[in-house]
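In order, the protein sequences belong to chains A and B.
Just so you know, we're using the working numbering here: the first sequence kicks off at 1 and counts up by one.
Just so you know, we're using the working numbering here: the second sequence kicks off at 179 and counts up by one.
Don't be surprised by glycine CBs; every beta carbon is placed ideally from N, CA and C.
Heads up: the structure comes next, in structure tokens.
2 protein chains.
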Amino acid sequence: MTEKKEKILEVALELFARQGYAVTSTSRIAKEAGVSEGLIFKHFVNKQGLLDAIVQNGMGDIERAINVCLRETNPKKSLAMSLDLALSLMREKKEFWQLTLSLKYQNPEIANKYHHNDIMKMLQTSLEDAFVKLDYQNPLAEAQLFGVLINSFFIQFIHEDNGQQESFLNFIKEKYKL
Amino acid sequence: MTEKKEKILEVALELFARQGYAVTSTSRIAKEAGVSEGLIFKHFVNKQGLLDAIVQNGMGDIERAINVCLRETNPKKSLAMSLDLALSLMREKKEFWQLTLSLKYQNPEIANKYHHNDIMKMLQTSLEDAFVKLDYQNPLAEAQLFGVLINSFFIQFIHEDNGQQESFLNFIKEKYKL
DNA sequence: CATTGGTAAGTGATTAATTACTCATTATAA
DNA sequence: TTATAATGAGTAATTAATCACTTACCAATG
Chain A
1 MTEKKEKILE VALELFARQG YAVTSTSRIA KEAGVSEGLI FKHFVNKQGL
51 LDAIVQNGMG DIERAINVCL RETNPKKSLA MSLDLALSLM REKKEFWQLT
101 LSLKYQNPEI ANKYHHNDIM KMLQTSLEDA FVKLDYQNPL AEAQLFGVLI
151 NSFFIQFIHE DNGQQESFLN FIKEKYKL
Chain B
179 MTEKKEKILE VALELFARQG YAVTSTSRIA KEAGVSEGLI FKHFVNKQGL
229 LDAIVQNGMG DIERAINVCL RETNPKKSLA MSLDLALSLM REKKEFWQLT
279 LSLKYQNPEI ANKYHHNDIM KMLQTSLEDA FVKLDYQNPL AEAQLFGVLI
329 NSFFIQFIHE DNGQQESFLN FIKEKYKL
């Protein structure tokens, strides 16, 4: 991976996340990355190919982080870890979340290939395990609700970072006595 | 409001919601509405003006529906009504929700003027009232959580209508004994 | 040590298509 | 008659993508 290729990916992620995929032109990306426009197409074939590369990059990082979380067997620890993971992933990969979420509304094809709900589904099984172990009367529905809580935490944090996120997570932890 | 003007609004809402604002061309809207492209600019000045008109239309309908809901003084009934309102609004105005939500990622200017969080804020006060009356130990945070639950219900329903929405709402009602 | 040949990285002018928008003109209805 | 509704050809700007070309690097060969 050359320096310029990496710079293109970096700038494109930032612009796609901030402005949206459709309204970000390849010429703008090239200018901002200090690169000729032609180079983008040399490396990524077309604009969609550039987007694909960005999404694949991001998904790799996140899958690795989640797999660590899934190994926890203690149910309460597992639930708490899921919440902490959400917070840290959000802080470190905010631009990427913004992009994947926005693609749901702009680019249905790629949104069906990889979007952040896929990651949520990976977590869902481990959540269900946890609620079964904790003897909840309706563990599946509880897991669904918990997943939705994490999901909406993501969405809210993406839209406005007013610092209330941590207190909101703590409130959930109290509610589930984690 | 002439027939053709209404048809433009109808078609534009559908296309903006399905494809996104940026990628939907005025020529496409005109063709699909069976109207000359010039007419769009006669009625709405520019593309942004067309979007403004659509959003204002939708917000009017929804504000009226919400105001009915806010008059309820019984706390449990108020909370239950909020959930039912979310379901019915979603079913009747799905395209509009899709649009407003997608604008958050594509059109920051208009998203700040009117977006669906404004409507959530209208509900928030009535939710806080309800949880105070119900003697919850932390009514503000509870109201926030409840608002988030409604919020995420919207977002999930927009993305995939797999019929699980009603059962999810019922689960919340049970959890809050509504 | 040169010199050659091959390859990938990178450029920038150019292209065809599409875009939002304009405007002179025509139809319609009160 | 007069204002408004509606048309559709036209325009300047922007777009994604292509193309012929240059540069940098590196290994093999004589």
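Within a Cβ cutoff of 7 angstroms, which residues of the same chain sit near residue i, ignoring the five residues on either side of it in sequence?
{"i": "residue 26(A)", "result": "37, 40 and 47"}
{"i": "residue 97(A)", "result": "90, 116, 154 and 158"}
{"i": "residue 22(A)", "result": "106"}
{"i": "residue 243(B)", "result": "263 and 267"}
{"i": "residue 350(B)", "result": "261 and 327"}
{"i": "residue 133(A)", "result": "75"}
{"i": "residue 95(A)", "result": "13, 14 and 17"}
{"i": "residue 297(B)", "result": "240 and 244"}
{"i": "residue 130(A)", "result": "75, 78 and 79"}
{"i": "residue 44(A)", "result": "50 and 53"}
{"i": "residue 300(B)", "result": "244"}
{"i": "residue 135(A)", "result": "none"}
{"i": "residue 354(B)", "result": "257"}
Could you tell me whether any Cβ in chain B is nearer than 8 angstroms to the Cβ of residue i?
{"i": "residue 47(A)", "result": "no"}
{"i": "residue 58(A)", "result": "no"}
{"i": "residue 131(A)", "result": "no"}
Within a Cβ cutoff of 8 angstroms, which residues of the same chain sit near residue i, ignoring the five residues on either side of it in sequence?
{"i": "residue 128(A)", "result": "139, 140 and 143"}
{"i": "residue 271(B)", "result": "236, 239 and 240"}
{"i": "residue 198(B)", "result": "280 and 284"}
{"i": "residue 166(A)", "result": "87"}
{"i": "residue 415(B)", "result": "No answer is possible for residue 415(B): it lies beyond the span of chain B, which begins at 179 and ends at 356."}
Can you give the beta carbon distance from residue i to residue j, rounded, assuming they're within the 8 angstroms contact cut?
{"i": "residue 51(A)", "j": "residue 29(A)", "result": "In fact, because the Cβ distance is near 11 angstroms, the residues do not count as touching under 8 angstroms."}
{"i": "residue 126(A)", "j": "residue 70(A)", "result": "5 angstroms"}
{"i": "residue 4(A)", "j": "residue 35(A)", "result": "5 angstroms"}
{"i": "residue 87(A)", "j": "residue 17(A)", "result": "Rounded, the Cβ-Cβ distance is 19 angstroms, inconsistent with contact."}
{"i": "residue 53(A)", "j": "residue 101(A)", "result": "Actually they do not touch by this definition, with Cβ atoms about 19 angstroms apart."}
{"i": "residue 342(B)", "j": "residue 325(B)", "result": "In fact, because the Cβ distance is near 21 angstroms, the residues do not count as touching under 8 angstroms."}
For chain A, is any of its Cβ atoms less than 8 angstroms away from the one on residue i?
{"i": "residue 314(B)", "result": "no"}
{"i": "residue 205(B)", "result": "no"}
{"i": "residue 200(B)", "result": "yes"}
Taking residue i as the query, report the chain B residues whose CB atoms sit under 8 angstroms from its CB, ordered along the chain.
{"i": "residue 176(A)", "result": "Chain B residues near residue 176(A): none, gap ~12 angstroms exceeds 8 angstroms."}
{"i": "residue 94(A)", "result": "Those do not exist, as residue 94(A) stays about 13 angstroms from chain B at its closest Cβ, beyond 8 angstroms."}
{"i": "residue 152(A)", "result": "326, 327, 329, 330 and 333"}
{"i": "residue 101(A)", "result": "283"}
Since residue i meets chain A, which of its residues come closer than 9 angstroms, beta carbon to beta carbon?
{"i": "residue 346(B)", "result": "141, 144, 145 and 148"}
{"i": "residue 264(B)", "result": "Those do not exist, as residue 264(B) stays about 13 angstroms from chain A at its closest Cβ, beyond 9 angstroms."}
In chain A, what lies closer than 7 angstroms to residue i by C-beta?
{"i": "residue 302(B)", "result": "Within 7 angstroms Cβ-Cβ: nothing; residue 302(B) doesn't reach chain A, min ~13 angstroms."}
{"i": "residue 349(B)", "result": "141 and 145"}
{"i": "residue 337(B)", "result": "104"}
Identify, in the order they occur along the chain, each residue of the same chain with its Cβ nearer than 6 angstroms to the Cβ of residue i, setting aside the five sequence neighbours on each side.
{"i": "residue 250(B)", "result": "256 and 259"}
{"i": "residue 32(A)", "result": "11"}
Item checked: Entirely enclosed alpha helix (DSSP H) segments - the segment 49-124 of chain A, minimum 4 residues -> 75-92, 94-106 and 108-113
Item checked: Every unbroken alpha helix (DSSP H) within the segment 6-53 of chain A, with a cutoff of 4 residues, ordered by chain -> Annotation: the segment 6-53 of chain A contains the following complete segments of the alpha helix (DSSP H) (minimum length 4 residues), in chain order: 26-33 and 37-44.
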